[in-house]
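Scroll down for the structure; my scribbles are underneath it.
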Amino acid sequence: MSARLPQPNRLDHGGIINRDRPVTFTFDRRVYQGFEGDSLASALLANGVKLFGRSFKYHRPRGILGAGPEEPNALVEVDRGPADRDPNHRATMLEIYEGLETFSQNHIGPLNMDLMEVNDLFSRFLPAGFYYKTFFFGGLQAWYRLYEPIIRRAAGLGRPPLAADPHHYDKIYTHADTLVVGGGIAGLTTALSLAKAGQSVVVCEERDRMGGSALWQGETFNGETGAAYIAHMCREIEAAGGRLLPRTTVFGVYDAGTFGAVERCHDHLTKADRAPHTARMKYHRIQAKAVVYATGAIERSVGFNGNDRPGVMLASAGHTFLGKYGVRVGERVSLFTTHDGGYGTAAAFSAAGAEVTVLDARTDAADVSIDGVRVIKGVYAGQAHGRMGVRRVDYDGASSGSLDADALLVAGGWNPAVHLTSHTTDRRQSKPVYDAELLAFVPPELVDQEAAAGSVTGAMSTADCLATAQAAGKKLGGKKIELPTVDQALPVSKPMEMWAVPGAGDAAFLDMQNDATVKDVKLAAQEGFKSVEHMKRYTTLGMATDQGKTANVTGLALLAAATGRDIAQVGTTTFRPPYTPIPIGVLAGHHRQRDYAPFRYSPVHAWAEDNGATFMEAGLWMRPAYYTAPGDKDWLDSAVRETRATRGSLGITDVSTLGKIDIQGPDAAEFLNRLYTNGWKTLPVGKARYGLMLREDGLVFDDGTTSRLGENHYYMTTTTAHAAAVMTHMEFMHQSAWPDLAVAFASVTDQWGALALAGPNARACLAKLFPEVDVSNDGLPFMGVIETQWQGYTARLFRISFSGELAYEVAVPADIFDAFWQAALQAGAEWKITPYGLEALNIMRIEKGHVTGAELDGRVSMDDVGLGKMVSSKKDFVGRAMSEREAFSDPDRAKMVGLVAAKPGDKIIGGGIVFDSAEGPFDYTTMLGYVTSVAQYSPLKDRAIALAFIKNAADWHGKTLYVVSHVHGKSIMEVRAESPHFYDPNNEKVMA
Amino acid sequence: MLIFCPHCGMRPSEEFTPKGLAEAPRPALGGDDRPEDDAWQDYLHTRTNKAGQTNEYFHHSLGCRRWIVVHRNTLTHEVTGSTMASEFWQNQQQAQDWEAGQ
Amino acid sequence: MSPVLKNPLGAKWTAGRHGKAEGGPGVLASHTAGLTIVEVAALPGQAQAMRAALKAAFGMDLGAGSPAEGAENAVCTGPGQYLLTGHDVATVKAAVGDLALAVDQSSGRVRLTISGPAIAALLAKTCPLDLATWPVGAAHASHFLHIACTYFRRGDAEFDLYVGRSFAQSVGKWLLDASAEFGLEIA
């Protein structure tokens, strides 16, 4: 932008902005210009803008109160399109850049004519607790239909984005010996002391650059300007290996030296200036051995009527805009102060050409003479006038009168920013402590690894702040450094106690963001909300995006007065992370959408992708659900085709995802004996056995087969779903209960790729793949195991079946599994080998009555699934004692049963409830049980079949029952019960 | 939060999976124990839910995969040490001494 | 003819430059296909004896078994637990006998070697541990963006990552994402 636009309130010198780089931006579609280094607030103030937004409840016009992260009023939206609409930016923290587009919030119609301002006219009807009291009329229906929609329309801060956050965020693990929170002069001084002692130091500063108020307050250090002194201190820290992170807010303190911080990397840059592939923000999870809280202090206002008018501002904010940005917020300035600090600001404004009147609340204030500044002692601001901007200030007290003013600055004292010092619970005393001398809360007693430096300690003058910084450095093992001499020091003093002026009422605001007033606090106290936590919830004081940074202390001081207690007795509410709002995306970091969690892939995943597979998630695994062949109408069509091909000739499926655990050692058999319900000592080498594991509470945990490969060598398989849990369970039992058992085991799930060949031609196909191995019924009988070789690699052949067919599982190393899979397809081509997915497998195992995770849901006993005979009574095993609980032998216990739809085409809905009558009532008093697994079409039965658990299961075989799904419009499905072993109940096929 | 693993040293808590209080050992192998036996009740169900020093099972699942018993103060979250689960019950006396010393 | 080994890192893992194109690559990565990896885990009470047996058979000095006392071909993953490279499972089993479990993990684990000037910045995104405290030769069983991963420090700016094979494609994708801002060169 070459053309320079006028900035009426910008002085022609001063500030640490770059006047060579004008920046053009918009606010509510109007074009403005500021300079590089401006915040949105300073740039708009430079342009004479006073009105920034509307308040939350009364929609009162609001301007700027603060100049930093504490700002409660000036929340704006940055809009880069519907997906990238970012509400609730504090104008005081938002750095402008070329082309930035911003909008005011929380109004209907133009900002200067908000239709909701009607709320303000009725404000005396909207006191604290108004909603709680009023909306009882008309009952719940009236709430939902009438009140809530109106309130929702009226309330809320900003508009949420309408689509997924398009930005990329990173999470960074950052480590340091010491974390310094706050890069003002105190934080930097401590950091330098620690860095010089050889510590690794990270300094996080939430503003755009290091230095804090020393940069512009006008004090000098050893004769240097603040900016020059800060710059050379930063160089020294970096030279000693320290890291300086500007634009980084430490938002939370957690146990054991863990801190959360967010670094804003993009928001101050134009799109073109953002480095490609970099994150918008970085979430630093900082691990530090020690911490220095150098978080500074936040100025507080005083309760008086009209103290929320645009143009009423904290004195420090007015001073910041003047000193840091060269923006003079008014020409006729009234300055209401309770302490000497106001005079520094008054002097600065006077020097900048403003006409200044100081209203000093103290009658006994020392005489200060500043050129051109008029001082009235013993008075307070009683009322500010001017709806869209201050025009006049009435004062009262020792004398009374009225002043013409276009700005009213308030210096009500300082609240140390103690928030972070009370986040953690790992010391006994974590709440801030009230110092009645300073009239402020200061950090609690800190532990050895913590220190505080600067104004957060309650120190007021720069020299005192530097002394606390040196003490903090000393406490944490830093090197002593020479402190600078501070010249042109600003005046400071303790404030006079004045939280609200006499006569402050329902237009005297404490929490500007929530429109909580002096009167609200008094009302809360009067109605019995005497605990500070209750008062907070009743009045909403201290809630929302600013968490009451400018309001809390004043609110609880007034509560103390109203209830006749000391402020120390009232205490503070609990400060919790985050210190300032952070986008949820930055906490998710990389883990969102498809990257939420990792996927696990089989070695033949790529082959399946290329051959029509549709995948389903099984835990982290992606498994083929079905393969779509030409002519398949839908998934069921594919699954039924795959089932028929397998039952009729030959199917192949990928079982690489099954959990596999290699177990070795002299006590391996004993270990298995203790894990499984059945006995393992008699299993010969070269044989597999089906095993059932219980949890210690006697319920079924998992099932699978374990093979004995050698004298002291076993190979266990688990279900895909429970693989990790079984491994963890084995580790727990071995280590916590039987650490002396001479056994070791390792997960080999990823080492082996495995496939199952199933169907009447499975043996012929296997023989072709392993011509040198005897795979006849004698050479490899049911539950037999052979270890052999394929192309020079180990191959393990298992004669086991899940589908109910004659079947084999073959495992080879995963590296060559793709090649082996292709070889199996080639070998099986003559029998039209058909790959099948989980859906076909599901049909086949339901037909066979085999259980999976749907049945083993953590509620069933061995008996319930018909495996009660699989108990060796001669030994102890996990869950044995508890498996004898009486409830397990209750005849009313639901046991597994098979269900068959009454006629072809009828559906059975999974999760449906089973009843013995179609008449109802369909509730828990009449229910017999529930459906666990459904095959929507069983070729065997030519209709839907299901597995279910019902009371007295065996008694119902052959009888008609009804399945009702309450979540599908109570549709009633007629079914017939029978044994769950629909297919080949005598195992003739698997043994053939 | 950091948890000490006897093998790996100080590690962030996300590497661990908690299981619960380690307050009673698994009853010795018997064969005819009954569900109502005190030893089983204590092992499976009885938890003191103490405010203060506790012993808890954690699995170093994203690490060395050892089960450890972590000594943690539930009032302050302070982790004061840990023992391999495989040594914990055998060193019960030692563990009691340790608790007495707190 | 020996069967072709399948690339476990997925189709996006291709040789060449990825991410930032300007300047030299910040991260270099390579994957060793066909590497022989054997996992050993000592039986209770046999860890020291197992280490002695490994020393006798292969000359590996694994000290008292701390994670810092490893070697490039014997990476410690837990107490008495190592990933050995360069010796097949039969040889290793013969060496450790009944002292330890020995299983082939040549297909089960994928080893990625990463190096380059941006390696510390990259690992700060994936690994929760403080690299500055690791001596060269140290191993750390931890996680790579929450995927179980054992890190081994080969040199100042060179690390081996061992991850489960089924996770390798996710690791590959996330490594591509995380290193894009530095520029990644895959060998």
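Chains as they are written, first to last, in the numbering used here: chain W, 178 to 1169; chain R, 96 to 197; chain X, 55 to 241.
Idealized CB from N, CA, C, for every residue including glycine.
Exercise. Using DSSP with H/G/I as helix, E/B as strand and the rest coil, what is W/F994?
Worked result: W/F994: helix per DSSP, three-state reduction.
For this session: Scan the region 934-966 of chain W for residues whose Cβ lies nearer than 7 Å to a Cβ of chain R and list them as they occur along the chain.
Result: Closer than 7 Å at the C-beta level to chain R, one finds no residue of the region 934-966 of chain W.
Problem set entry | chain R contact for X/G132 (CB, 8 Å cutoff) | With 8 Å as the cut-off, X/G132 counts as an interface residue toward chain R.
Exercise. What residues of chain X sit near R/G158, judged by a beta carbon separation below 7 Å?
Worked result: Here the neighbours are A195 and S196.
Exercise. Would you call the CB atoms of X/A192 and X/R207 closer than 8 Å?
Worked result: Yes, the Cβ-Cβ distance between X/A192 and X/R207 is below 8 Å.
Exercise. Nearest CA to the CA of W/V430: which residue from W/L735, W/G796, W/F776 and W/R753?
Worked result: Looking at W/L735, W/G796, W/F776 and W/R753, the one whose alpha-carbon comes closest to that of W/V430 is W/R753.
Problem set entry | Cβ-based neighbour list, W/H443, same chain, cut-off 6 Å, excluding 5 preceding and 5 following | Contacts found: R451 and R457.
For this session: Please name the residue, chosen from X/V225, X/G170 and X/T86, that lies closest to X/G77 on a Cα-to-Cα basis.
Result: The shortest Cα separation from X/G77 among X/V225, X/G170 and X/T86 belongs to X/G170.
For this session: Identify each residue in the region 209-229 of chain X for which the Cβ-Cβ distance to at least one residue of chain W is less than 7 Å, and report them in chain order.
Result: Answer set for the region 209-229 of chain X: G218, R219, S220, F221, Q223, S224 and W228.
Exercise. In this structure, does DSSP put W/G631 in helix, strand or coil?
Worked result: In the structure shown, W/G631 sits in a helix (DSSP, three-state: H, G or I).
Exercise. In chain W, which residues lie with their C-beta within 9 Å of the C-beta of X/S84?
Worked result: Taking a Cβ-Cβ cut-off of 9 Å, X/S84 has no neighbours in chain W, whose nearest Cβ is about 17 Å from it.
Exercise. Between W/E891 and X/G124, what straight-line distance do the alpha-carbon atoms span, to the nearest angstrom?
Worked result: Looking at the sequence provided, one finds Tyr at residue 891 of chain W rather than Glu. Rounded to the nearest angstrom, the two C-alpha atoms are 29 Å apart.
For this session: Keeping to the same chain, check which residues put their C-beta closer than 6 Å to that of W/V469; ignore five residues upstream and five downstream.
Result: Within the same chain, and ignoring the five residues on either side of W/V469 in sequence, the residues whose Cβ sits closer than 6 Å to its Cβ are V357, T367, A628, A630 and A649.
Exercise. So what does DSSP say about R/M179, is it helix, strand or coil?
Worked result: The answer is strand: DSSP assigns R/M179 an E or B state.
Problem set entry | Nearest residue (CA-CA) to W/H1158, options W/S708, W/K657, W/R1022 and W/T402 | Minimum Cα distance to W/H1158 is reached at W/R1022.
Exercise. Which residues in the same chain have their Cβ closer than 8 Å to the Cβ of W/N289, if we skip the five residues on either side of it in sequence?
Worked result: The answer, listed in chain order, is L228, P238 and M565.
Exercise. Taking just the CA atoms, how far does W/W998 sit from W/R940?
Worked result: Taking the straight line joining both Cα atoms gives about 16 Å.
Exercise. List, in order along the chain, the chain X residues whose C-beta lies closer than 7 Å to that of R/H154?
Worked result: Correct list: empty, because the minimum Cβ distance to chain X is about 12 Å.
For this session: Might you give, ordered along the chain, the residues of its own chain that have their beta carbon closer than 8 Å to the beta carbon of W/N399, omitting 5 neighbours on each side?
Result: Once the five neighbours on either side are set aside, the close Cβ partners of W/N399 are Y406, P661 and T662.
Problem set entry | Residues from the region 105-139 of chain R in contact with chain X, defined by Cβ distance under 9 Å | From the region 105-139 of chain R, only R106, P107, E109 and E110 have a Cβ closer than 9 Å to chain X.
For this session: Establish whether the CB of R/H172 and some CB of chain B are separated by less than 8 Å.
Result: In the displayed structure, chain B is absent; the protein chains listed are W, R and X.
Problem set entry | Element boundaries [alpha helix (DSSP H), containing X/S7] | Past the boundaries of the shown model lies residue 7 of chain X; chain X is included only from 55 to 241, so the question cannot be answered.
Problem set entry | Straight-line Cα distance separating W/Y853 from W/V378 | The alpha-carbon of W/V378 is positioned some 54 Å away from that of W/Y853.
Problem set entry | Straight-line gap, R/P101 to X/L215 (C-alpha atoms, nearest Å) | Distance between the alpha carbons of R/P101 and X/L215: 23 Å.
Exercise. Just the Cα atoms here: how many angstroms apart are R/R121 and R/L157?
Worked result: Rounded to the nearest angstrom, the two C-alpha atoms are 25 Å apart.
Exercise. Roughly how many angstroms lie between the CA atoms of W/V510 and W/R568, to the nearest whole one?
Worked result: Across the structure, W/V510 and W/R568 are spaced so that their CA atoms are roughly 10 Å apart.
For this session: Would you list, in chain order, the members of the region 829-851 of chain W that have their beta-carbon closer than 7 Å to a beta-carbon of chain X?
Result: Within the region 829-851 of chain W, the residues whose Cβ lies closer than 7 Å to some Cβ of chain X are D839, Q841, G842 and P843, listed in chain order.
Problem set entry | Pairwise C-alpha distance: W/A244 and W/A180 | In this structure, the CA atom of W/A180 is about 28 Å from the CA atom of W/A244.
Problem set entry | Counted within 10 angstroms of its Cβ, other Cβ atoms place W/I761 as buried (16 or more) or exposed | With fewer than 16 other Cβ atoms within 10 Å, it is exposed.
Exercise. How about W/P1116 and W/V817: are their beta carbons less than 8 Å apart?
Worked result: Using a Cβ distance threshold of 8 Å, W/P1116 and W/V817 count as a contacting pair.
Problem set entry | Through-space distance from W/R441 to X/A241, alpha-carbon basis | So the alpha carbons of these two residues sit roughly 34 Å apart.
Problem set entry | For X/K74 and X/G226, believed in contact at Cβ under 8 Å, the rounded distance | Under the criterion of beta carbons closer than 8 Å, X/G226 and X/K74 do not qualify as touching, at roughly 18 Å.
Problem set entry | Secondary structure of W/M673, DSSP reduced to three states | Assignment of W/M673 by DSSP, reduced to helix, strand and coil, places it in the coil class.
For this session: Compute the Euclidean distance between the alpha carbons of X/A101 and X/T131, then round it to the nearest angstrom.
Result: Take the alpha-carbon of X/A101 and the one of X/T131: they are about 13 Å apart.
Problem set entry | Proximal residues, the region 889-920 of chain W versus chain R, C-beta separation under 7 Å | Those residues of the region 889-920 of chain W that come within reach of chain R (Cβ to Cβ, closer than 7 Å) are T905, E908, F909, Q912, S913, A914 and P916.
Exercise. Are the beta-carbon atoms belonging to W/V556 and W/S576 less than 8 Å from one another?
Worked result: Closer than 8 Å, so yes.
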